[in-house]
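J.: Structure provided below as structure tokens; questions to follow.
There are 2 protein chains.
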Amino acid sequence: MGERVAFVGLGVMGYPMAGHLARAGHEVVVYNRTRDKSARWVGEFGHRAVDTPAEAAKDADYVFVCVGNDDDLRQVTTGRGGILEGANSGTVVVDHTTASANVARELEGAARERDVAFLDAPVSGGQAGAENGVLTVMIGGQIEPFERAAPLIDAYARSTRLMGPSGSGQLTKMVNQICVVGVVQGLAEGLHFALAAGLDAQAAMEVISKGAAQSWQMENRYETMVAGRYDFGFAVDWMRKDLGIALEEARRNGAHLPLTALVDQFYSEVQAMGGNRWDSSSLMARLEKSSETG
Amino acid sequence: MGERVAFVGLGVMGYPMAGHLARAGHEVVVYNRTRDKSARWVGEFGHRAVDTPAEAAKDADYVFVCVGNDDDLRQVTTGRGGILEGANSGTVVVDHTTASANVARELEGAARERDVAFLDAPVSGGQAGAENGVLTVMIGGQIEPFERAAPLIDAYARSTRLMGPSGSGQLTKMVNQICVVGVVQGLAEGLHFALAAGLDAQAAMEVISKGAAQSWQMENRYETMVAGRYDFGFAVDWMRKDLGIALEEARRNGAHLPLTALVDQFYSEVQAMGGNRWDSSSLMARLEKSSETG
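These protein sequence lines are chains A and S, in that order.
Take the first sequence: its letter number 247 is residue 254 in my numbering, and every next letter is one higher.
Take the second sequence: its letter number 252 is residue 259 in my numbering, and every next letter is one higher.
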């Protein structure tokens, strides 16, 4: 039985996520900053597009959000014409933006004043995970709205988990990104060394991927890294945004993140190489370049 | 049908590996620098112990070696009373020491002059892998001796692969260690951040271990890292030895290993904390300490 839902932000993630909600039988009203994308979405999935997040929220029991960063998120939530202007009492806002834990707590507080629930719900699994409906969703917030929203989220998620109070979803996503960059930089150095040493990189990866060096990144990225192909995947610009959030949060909670800080700087070098849109495995390209010029 | 084999070096790895050869029906002569260990081995597996590597090699068609480092390896191979003093023409030396690619090539040359084959064959899988006979063996050398020795190595290995000419086994092992330290430091920072942020670390690991952050280290080490337990596993001193070899080799082949060099320094801090024998996942202990005092 379909629910009345709104979806704010039809980017590479939001577009297919909203599509899964439509296919699951919900009544979906969409809003996107640029109109052509919402028009395209309506052309593909039906339903209707509106001009402001407030309008989208007006008739919705659930409002899903997936925008760029903290500022975008504030704007569509508490800004003029934002979600909280239109939302009815009892609405649940599910925010899939990867943002700071601070903005999550701030917006949860603002929402609560209007008797609206706000869940921070960043995802992992990337564009492919969104398109195939197999995302992992890490949620911070209250249990009651979580339990109401979870069945809807299932339309595009393989796994949905309440991690703790408001902000906990964002904090968990930061843990994910911190672990990822260690794996990727280690893998990049390993492959770079293998090539410099004249080894058959494919054979080396096959042998070591059975043991203590194994990782998802090794299994899914070594071939493209050796081939120097980075025109896909999770963009360096997005990774820098996420690492910026994690490093800022660590400034508050006192965590010591030397590798994360270093790799963040390496990504700035990839950006300087023109790699803003390259996959985050392009740390390898930076090493190969250092070697050429070194 | 049993072969005549010698085993030189009955440390935590060599002791059970030689045991697997004995159980597989080979006639095993053992040598160890300290006599009590070879006496204990003979007490457990039968056969006999001798006083020098040369004596061990005298009646053997295959000589297995597993000692500490480059110097130990040179000593037992080309030193006085070493393997090449006793080995007959046609013998195959299989060296399981993790050593430099340079010493592998040097000893392969010295062996060839006496018509003896020398394979560099470092392993991964640790003490548990040696005890359970499920090691991964990465081999450098000629194909003919590799094919002769492989069925014997199967006594304690799950996977044995010829990686290329002499030195290629060692180079592959270095790739493994480079990848491992990136994963471990990233995981340590992720867990350290999770604790500082007040997350349920177990829940966070369960959620993110399904995706792009997944690794063998995450699956097998996060619980002990959160508990601060490091009294097991692959010791920090051994990891530093291996990283020293990798960084030295990179000095020659021009590979750029900033993360590896940094984590090597972090391990020196773990040593300064008294962690020489701690598992290499103790990079986490260093972060927790920095946080306490920082």
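For every residue, glycine included, the Cβ atom is placed at its ideal position computed from N, Cα and C.
Please read these numbers as outputs of a predicted model, since none were measured by experiment.
Which residues in the same chain as SER289 (chain S) place their Cβ atom closer than 7 Å to its Cβ, once the five residues preceding and following it in sequence are excluded?
T.: Excluding residues within five positions, the ones whose Cβ falls inside 7 Å are TYR237, VAL243, VAL277, GLY282.
J.: Let me know the secondary structure DSSP gives TYR69 (chain S) once reduced to three states.
T.: In this structure, TYR69 (chain S) counts as strand in the three-state DSSP scheme.
J.: Whose C-alpha, out of A:MET145, A:ALA63, A:ARG293, is nearest the C-alpha of ASP207 (chain S)?
T.: Among A:MET145, A:ALA63, A:ARG293, the Cα nearest to that of ASP207 (chain S) belongs to A:MET145.
J.: From the beta carbon of LYS217 (chain S), is the nearest beta carbon of chain A less than 8 Å away?
T.: Yes, its Cβ sits closer than 8 Å to a Cβ of chain A.
J.: For the alpha helix (DSSP H) holding THR84 (chain A), just list the boundary residues, first then last.
T.: Segment 77-85, the alpha helix (DSSP H) holding THR84 (chain A).
J.: Do you know how far the Cα of ALA203 (chain S) is from the Cα of LEU264 (chain A)?
T.: About 11 Å.
J.: Is the distance from the Cβ of MET246 (chain A) to the Cβ of SER287 (chain A) below 8 Å?
T.: It is a contact, given that the beta carbons lie within the stated cut-off.
J.: Closer than 7 Å by beta-carbon distance: list the chain S residues that pair up with THR143 (chain A), in chain order.
T.: What THR143 (chain A) touches in chain S: VAL214, LYS217, GLY218.
J.: Can you find a CB in chain S that lies within less than 8 Å of the CB of GLY140 (chain A)?
T.: No, its Cβ sits nowhere closer than 8 Å to a Cβ of chain S.
J.: Any C-beta of chain A within less than 7 Å: which residues of the region 179-190 of chain S qualify?
T.: Residues passing the 7 Å Cβ filter: THR179, MET181, VAL182, ASN183, ILE185, CYS186, VAL187, VAL188, GLY189, VAL190.
J.: Quick check: the region 111-121 of chain S against the region 185-195 of chain A, are at least 3 beta-carbon pairs closer than 8 Å?
T.: No, the region 185-195 of chain A is not in contact with the region 111-121 of chain S.
J.: Can you tell me the Cβ-Cβ gap for GLY218 (chain S) and SER131 (chain A), rounded? I've got them flagged as a contact below 8 Å.
T.: About 5 Å; that satisfies the 8 Å criterion.
J.: Mind listing the chain A neighbours of THR267 (chain S)? Cutoff is C-beta to C-beta under 7 Å, in chain order.
T.: The contacting residues are GLU196.
J.: Please check if any C-beta of chain S sits within less than 8 Å of the C-beta of GLU256 (chain A).
T.: Taking Cβ atoms only, chain S reaches closer than 8 Å to GLU256 (chain A), which makes this a yes.
J.: Starting from THR167 (chain S), follow the beta strand (DSSP E) in both directions and report where the run begins and ends.
T.: THR167 (chain S) -> beta strand (DSSP E) spans 164-171.
J.: Are the C-beta atoms of SER289 (chain S) and some chain A residue less than 8 Å apart?
T.: Not one chain A Cβ lies under 8 Å of SER289 (chain S).
J.: Which ranges would you report for the beta strand (DSSP E) in the region 156-226 of chain S if only whole runs of at least 3 residues count?
T.: If we require 3 residues or more, the beta strand (DSSP E) runs fully inside the region 156-226 of chain S come out as 164-171.
J.: Which residues in chain S sit within 8 Å of ASP286 (chain A), going by Cβ to Cβ distance?
T.: Going along chain S, no residue has its Cβ under 8 Å from ASP286 (chain A), so there is no contact; the nearest lies around 11 Å.
J.: For GLY88 (chain S), collect the residues of the same chain with a Cβ closer than 7 Å to its Cβ; drop the 5 residues on either side in sequence, then sort them by chain order.
T.: Answer for GLY88 (chain S): THR59, PRO60, ALA61, listed in chain order.
J.: Spatial neighbours of GLY301 (chain A) within its chain, please: C-beta separation below 6 Å, excluding the five flanking residues on both sides.
T.: Here GLY301 (chain A) scores only 46 on pLDDT, less than 50, and its place in the model should not be relied on; the value that follows carries that caveat. Around GLY301 (chain A): no qualifying Cβ.
J.: Identify each residue in the region 144-161 of chain S for which the Cβ-Cβ distance to at least one residue of chain A is less than 8 Å, and report them in chain order.
T.: Listed by position along the chain: MET145.
J.: Check distances from the C-beta atoms of the region 112-138 of chain S to those of chain A and list, in chain order, the residues that come in under 9 Å.
T.: From the region 112-138 of chain S, only SER131, GLY132, GLY133, GLY136 have a Cβ closer than 9 Å to chain A.
J.: Mind checking which residues open and close the alpha helix (DSSP H) that includes VAL19 (chain S)?
T.: Segment: none, VAL19 (chain S) is in no alpha helix (DSSP H) and carries neither H nor E.
J.: Check whether the region 38-51 of chain S and the region 93-105 of chain S are in contact - that is, three or more C-beta pairs closer than 8 Å.
T.: The region 38-51 of chain S, when compared against the region 93-105 of chain S, does not touch it at the 8 Å Cβ threshold.
J.: Which residues of chain S have a Cβ atom closer than 9 Å to the Cβ of ARG168 (chain A), listed in chain order?
T.: Those within 9 Å of ARG168 (chain A) in chain S are ALA210, GLU213, VAL214.
J.: Cα-Cα, which of A:GLU226, A:ARG81, A:ALA108, A:GLU154 is closest to GLY303 (chain A)?
T.: The requested residue 303 (chain A) does not occur in the structure, where chain A is confined to residues 8 to 301.
J.: DSSP state of MET58 (chain S), grouped into three classes?
T.: For clarity, residue 58 (chain S) is Asp in the given sequence; the question names Met instead. Residue state, collapsed to three classes: coil.
J.: If you measure from the beta carbon of TRP223 (chain S) to each beta carbon in chain A, is any gap under 8 Å?
T.: Taking Cβ atoms only, chain A reaches closer than 8 Å to TRP223 (chain S), which makes this a yes.
J.: Okay, do the region 181-189 of chain A and the region 151-167 of chain A touch, 3+ Cβ pairs below 8 Å being the bar?
T.: Too few Cβ pairs lie closer than 8 Å, so no.
J.: Determine the contact status of GLY53 (chain A) and ALA25 (chain A), defining contact as a CB-CB distance below 8 Å.
T.: No, the Cβ-Cβ distance between GLY53 (chain A) and ALA25 (chain A) is not below 8 Å.
J.: If we define contact as Cβ-Cβ less than 8 Å, is LEU264 (chain A) a contact residue for chain S?
T.: With 8 Å as the cut-off, LEU264 (chain A) counts as an interface residue toward chain S.
J.: Using the beta-carbon of each residue, which ones in chain A are nearer than 7 Å to LEU294 (chain S)?
T.: Within chain A, the residues near LEU294 (chain S) are HIS263.
J.: Out of S:GLU138, S:GLU299, S:GLU115, S:LEU254, which has the shortest C-alpha to C-alpha gap to GLY18 (chain S)?
T.: If we check each option's Cα against that of GLY18 (chain S), S:GLU138 comes out closest.
J.: Beta-carbon within less than 7 Å of HIS27 (chain A)'s beta-carbon, same chain only, minus the 5 sequence neighbours each way: which residues are those?
T.: Here the set comprises GLY140, ALA162, TYR163.
J.: Going by C-alpha to C-alpha distance, which of A:PRO172, A:LYS44, A:PHE239 sits closest to GLY205 (chain S)?
T.: Closest by alpha carbon: A:PRO172.
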